[in-house]
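Numbering (my numbering), first residue to last: 677 to 739. Heads up, the beta-carbon is just placed ideally off N, CA and C, and yes, glycines get one too. First the structure, in the form of structure tokens, and then the observations on it.
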């Protein structure tokens with residue numbers, strides 16, 4: 677899917693978030709990467725095969 681040189685990481689790669697955004701909609705909270713991954717502002721991801729990667733937000737610490 678990627679036309680960049682060097683090629684962006686695949687959707688199966690651990691560094692898939694390093695792929696180039698091809699569409700951004702910050703008002704809706706998501707970006708489409710060239711490897712087909714939908715990246716959400718809460719750090720959650722939707723992979724091209726339909727798998728969901730849960731957000732990796734830090735837990736709030738009580739003061």
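- Query: Where do the N-terminal and C-terminal ends of the beta strand (DSSP E) with residue 707 fall, by residue?
  - Reply: 706-709
- Task: Just grab the DSSP bridge partners of residue 699 for me.
- Result: 708
- Message: So, for residue 700: in the same chain, excluding its five sequence neighbours on each side, which residues have a beta-carbon less than 7 Å away from its beta-carbon?
- Response: 707
- Where do the ends of the beta strand (DSSP E) carrying residue 723 lie? Premise fails: residue 723 is in no beta strand (DSSP E) and is neither H nor E.
- Item | Beta-carbon proximity list for residue 711, same chain, < 7 Å, skipping 5 on both sides | 677, 678, 684, 685, 686, 687, 692, 695
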